[in-house]
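Input: a single structure, listed below in structure tokens.
Residue numbers (my numbering): 150 to 459.
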């Protein structure tokens with residue numbers, strides 16, 4: 150057994166290429182016990198490749214991947230006893246019910262039968278446990294895959310896009326399940342292209358773009374950057390220089406304006422002041438809403454400029 154002070158996962162100069170395509174550039178990263186870590190980034194950024202290497206489905210082109218100090222490429226059977234993996238797309242036998250699927254897995258792993266009911270309840274599948282898997286939606290299949298992974302609690306849970314196809318109820322169930330695992334000491338490593346999901350579920354976020362880790366930050370720092378780049382769009386009956394100047398005087402960085410709208414960025418505590426300043430300058434506000442930054446904006450304005458990549 151490894152000491153709890155040692156990282157549970159280590160990527161040491163890990164890289165992966167497929168022919169001439171460099172899918173993941175050299176990556177050095179440690180993930181702690183009981184940590185929830187998100188690989189975040191746009192589709193095609195290398196997230197799935199990293200996770201498949203972590204569970205032994207891809208061999209490194211260079212470097213190595215360690216779990217509890219053991220090299221997954223050299224000791225796959227030993228390492229796989231310590232982890233559970235849920236891929237991005239879950240495939241289960243269509244003719245079996247969810248309960249039958251979980252009973253099968255429980256029997257193979259020698260898990261007590263009562264655990265099946267526990268995970269069904271945890272993932273909000275109890276009411277549909279006796280339906281055939283072929284009748285399940287994509288989100289229900291995703292939850293069933295997670296239920297199977299949680300039958301036997303292991304030190305490391307690896308999830309590829311766990312919120313894919315999940316409705317709000319499913320995301321809430323996932324959040325509760327992962328929070329309970331963390332409290333009991335398991336580490337969680339997952340991928341996501343959704344900024345919102347990563348911020349909600351992770352302690353720390355690493356952003357992968359074109360196979361390169363462009364930043365590595367605690368979730369609070371990442372959230373602060375997303376908030377800083379959030380734009381407020383205000384629709385008015387008219388826009389003139391007086392209104393724009395009033396917004397800037399109240400702390401707005403005006404990004405765009407035309408005859409009927411103003412888009413600006415401001416610190417969260419200043420946004421209401423800007424709205425009031427626009428009204429006081431004679432603007433009649435018809436509506437306003439916030440727009441979170443997209444990947445291109447985040448990468449260009451922050452990650453290329455020096456988030457912490459240690």
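Backbone N, C-alpha and C fix where the C-beta goes; we use that ideal spot for every residue, glycine too.
Item: Within 10 Å of its beta-carbon, does residue 409 have 16 or more other beta-carbons around it, so buried, or fewer, so exposed?; Value: exposed
Item: In angstroms, rounded to a whole number, what distance separates the CA positions of residue 367 and residue 354?; Value: 6 Å
Item: Tell me the rounded alpha-carbon separation between residue 164 and residue 172.; Value: 8 Å
Item: Looking at the strands, I want to know which residues DSSP matches up with residue 165.; Value: 173
Item: Taking the alpha helix (DSSP H) that residue 325 belongs to, which residues open and close that run?; Value: 317 to 332
Item: On a CA-only basis, which of 308, 273 and 196 is nearest residue 318? Give me that one, please.; Value: 273
Item: Would you say residue 187 and residue 177 are within 8 Å of each other, going by their C-beta atoms?; Value: no
Item: Which residue wins for smallest C-alpha separation from residue 314, given the options 333, 303, 327 and 292?; Value: 292
Item: So is residue 238 buried or exposed if we call it buried at 16+ other beta carbons inside 10 Å?; Value: exposed
Item: Report the partner residues of residue 251 according to the DSSP bridge assignment.; Value: Paired residues: none, contrary to the question.
Item: Taking only the alpha-carbon atoms, compute the straight-line gap between residue 457 and residue 254 and give it to the nearest angstrom.; Value: Because the pLDDT of residue 457 is 44, which lies under 50, any placement of that residue in the model is unreliable, and the number read from its coordinates should be weighed accordingly. Rounded to whole angstroms, residue 457 to residue 254 spans 41 Å at the Cα level.
Item: Taking 8 Å as the threshold (C-beta atoms), are residue 170 and residue 340 in contact?; Value: no
Item: Give the secondary structure of residue 246 by DSSP, where H, G and I count as helix, E and B as strand, and everything else as coil.; Value: strand
Item: In chain order, what residues of the same chain lie with their CB nearer than 6 Å to the CB of residue 150, ignoring the 5 residues before and after it?; Value: Reliability of the predicted coordinates at residue 150 is poor, the pLDDT of 40 falling under 50, and no value is obtained from them.
Item: Can the beta-carbon of residue 351 be found closer than 8 Å to that of residue 298?; Value: no
Item: Provide the residue(s) that pair with residue 402 in DSSP beta bridges, ordered along the chain.; Value: 414
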